[in-house]
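Trainee: First, the structure itself, so that you have it in front of you.
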Amino acid sequence: MPAEAGGTGPRRRAPLAILALSLVAMPPGVAAGASFDCGKARGAVERMICADDELSGLDERMAAAFRAGGGPASGAALRQEQRAWLTARDRCGDAACLRRAYRDRIAALEAAPAPPVGACRAERGAAAARELVRRCIQVSPATRPPCHDSNPCAMIEDEIARGCGFLPTPRPAFCPR
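Written out as structure tokens, the structure reads:
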């Protein structure tokens, strides 16, 4: 019999039962919260993380902070910073060193200001921001233009004006004259 929408029929209960069984069937001493597959742990440090519930939890918390990261280091810079941190982390020889490394990294990631979210959208509304972004993408010569609604509208408009300046006439009607 099919499950009703939002119900707890057989189709809804099966994934929950499998999840519950996988957590119960986990061997003692194997942490469940690492951000990576402990079955594929490489090296002493990853095995140490997988064998220690606190370290495993710190690893998961650090991964969440990294995914939410931004601030001064974002995109490629954030990934490069993270690779450098992982290299330093892998030099730890004991759990105490790992705990310190994780706590320091989590603090650094959580202290970084979050990137602006929907700045133009917040300024003018979703529809107006979407239209500015569409125009910007249409005329911007940049390989990574600032045509995103998380940027201030003025920045997007400046890129539109700059891009329009490179175009021969006739230009799109939205280009400044």
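In short: position in the sequence shown from 1, add 8, done, that's this note's numbering.
Ideal placement from N, C-alpha and C gives every residue a C-beta, glycine not left out.
What do you get for Arg-55, buried or exposed, if any count of 16 or more other CB atoms within 10 angstroms of its CB means buried?
Mentor: Exposed.
Trainee: Which of the three DSSP states is assigned to Thr-177 in this structure?
Mentor: In the structure shown, Thr-177 sits in coil (DSSP, three-state: anything other than H, G, I, E or B).
Trainee: Can you confirm whether the segment 93-103 touches the segment 42-62 when touching is taken to mean that 3 or more C-beta pairs between the two stretches lie within less than 8 Å?
Mentor: With a cut-off of 8 Å, the segment 93-103 and the segment 42-62 count as touching, because enough Cβ pairs lie within range.
Trainee: Just to confirm before moving on: does the CB-CB distance between Pro-154 and Glu-167 stay below 7 Å?
Mentor: Against a cut-off of 7 Å, the Cβ pair of Glu-167 and Pro-154 comes out as a contact.
Trainee: Helix, strand or coil: which one does DSSP assign to Asp-60?
Mentor: Three-state result, Asp-60: coil.
Trainee: For Gly-101, which three-state DSSP category applies?
Mentor: If DSSP states are grouped into helix, strand and coil, Gly-101 belongs with coil.
Trainee: Please identify the residue among Ile-145, Cys-46, Trp-93 and Ala-135 whose C-alpha is closest to the C-alpha of Asp-61.
Mentor: When each option's Cα is compared against that of Asp-61, the closest is Cys-46.
Trainee: On the DSSP letters alone, give me the boundaries of the alpha helix (DSSP H) that Arg-185 sits inside.
Mentor: Premise fails: Arg-185 is in no alpha helix (DSSP H) and is neither H nor E.
Trainee: Quick check: what's the CA-CA separation for Val-147 versus Gly-171?
Mentor: Taking the straight line from one Cα to the other gives about 5 Å.
Trainee: If you count every other CB in all the chains shown that lies within 10 Å of the CB of Glu-139, and 16 or more means buried, which is it?
Mentor: Glu-139 comes out exposed.
Trainee: Among Leu-86, Cys-128 and Gln-90, which residue has its Cα nearest to the Cα of Tyr-110?
Mentor: Nearest of Leu-86, Cys-128 and Gln-90 to Tyr-110, Cα basis: Gln-90.
Trainee: Following the continuous alpha helix (DSSP H) through Ala-127, name the residue where it begins and the one where it ends.
Mentor: Here the alpha helix (DSSP H) through Ala-127 covers 127-132.
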